[in-house]
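A.B. asks: Questions regarding the structure given below will be posed in turn.
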Amino acid sequence: MRKVDVAAGLLFAAFGAGVVVEAASIPPMIGQAYGPGFFPSLVGGGLVVAGLIIALRGLFTAPEAVVEGAGRPAPTATRPYWGALAWLVAGLVVIIRAFEAIGFVPLLGIYLAGFMLLLGVRPVQAVVLGFLLTLGVYFLFVRLLLVPLPAGLLQPLLG
123 MRKVDVAAGL LFAAFGAGVV VEAASIPPMI GQAYGPGFFP SLVGGGLVVA GLIIALRGLF
183 TAPEAVVEGA GRPAPTATRP YWGALAWLVA GLVVIIRAFE AIGFVPLLGI YLAGFMLLLG
243 VRPVQAVVLG FLLTLGVYFL FVRLLLVPLP AGLLQPLLG
């Protein structure tokens, strides 16, 4: 048994269950078969399933034997990702503060592109993918699912 995997899996599953419970408390939209809690429920359900899979694999996996001087040591990360972690946390704070004024597409496009850059994606690819994916999500939510997201600075373009 790998205790770390079991603990991490159960933690993910508990967090996902909390997301599902909170999403169920979001009031439904009038005239819609699904409400604003639908996607958080899907994400929470996915976390529960993934967490349980991780926990079960950890439960039924034998711990790795440690033998002195046997083979090469496990490879370590050649590059710490502290910058990506800082970007992740600081970016969320900025998004929460400026979401209405600046808008979904500019904020999330920059956020996603910056995160990809910090993870080693080529600059042009990161910027193009960041903004195309953000535009795709924006139009999916606003046009198809009728979930209002702020256009902010791009209101004249996005209508």
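Numbering-wise, the sequence shown is residues 123 to 281 according to the working numbering.
Idealized CB from N, CA, C, for every residue including glycine.
Note that the coordinates shown come from a computational prediction; the quantities given were computed from them, not determined experimentally.
In whole angstroms, what separates the C-alpha of residue 155 from that of residue 255?
C.D. replies: So the alpha carbons of these two residues sit roughly 26 angstroms apart.
A.B. asks: Looking at the unbroken alpha helix (DSSP H) that takes in residue 233, where does it start and where does it end?
C.D. replies: Where residue 233 is concerned, the enclosing alpha helix (DSSP H) stretches over 226-240.
A.B. asks: Report the rounded CA-to-CA distance for residue 268 versus residue 232, giving the unit in angstroms.
C.D. replies: Spanning the two alpha carbons is a distance of roughly 24 angstroms.
A.B. asks: Using a threshold of 8 angstroms, state whether the C-beta atoms of residue 237 and residue 272 are closer than that.
C.D. replies: Taking 8 angstroms as the Cβ cut-off, residue 237 and residue 272 do not qualify as a contacting pair.
A.B. asks: Relative to the C-alpha of residue 130, which candidate in 158, 146, 159 and 175 has its C-alpha closest?
C.D. replies: With distances taken between Cα atoms, residue 130 lies closest to 175.
A.B. asks: When you compare only the Cα positions, how much space is there between residue 87 and residue 172?
C.D. replies: Any question about residue 87 goes unanswered here, given that the chain covers just 123 to 281.
A.B. asks: Rounded to whole angstroms, what's the CA-CA distance from residue 162 to residue 210? Just pull it up for me.
C.D. replies: Residue 162 and residue 210: Cα-Cα distance of roughly 19 angstroms.
A.B. asks: Assuming residue 276 and residue 227 are in contact, meaning their beta carbons sit under 8 angstroms apart, how far apart are those beta carbons, in whole angstroms?
C.D. replies: Yes, residue 276 and residue 227 are in contact; Cβ-Cβ is about 5 angstroms, under 8 angstroms.
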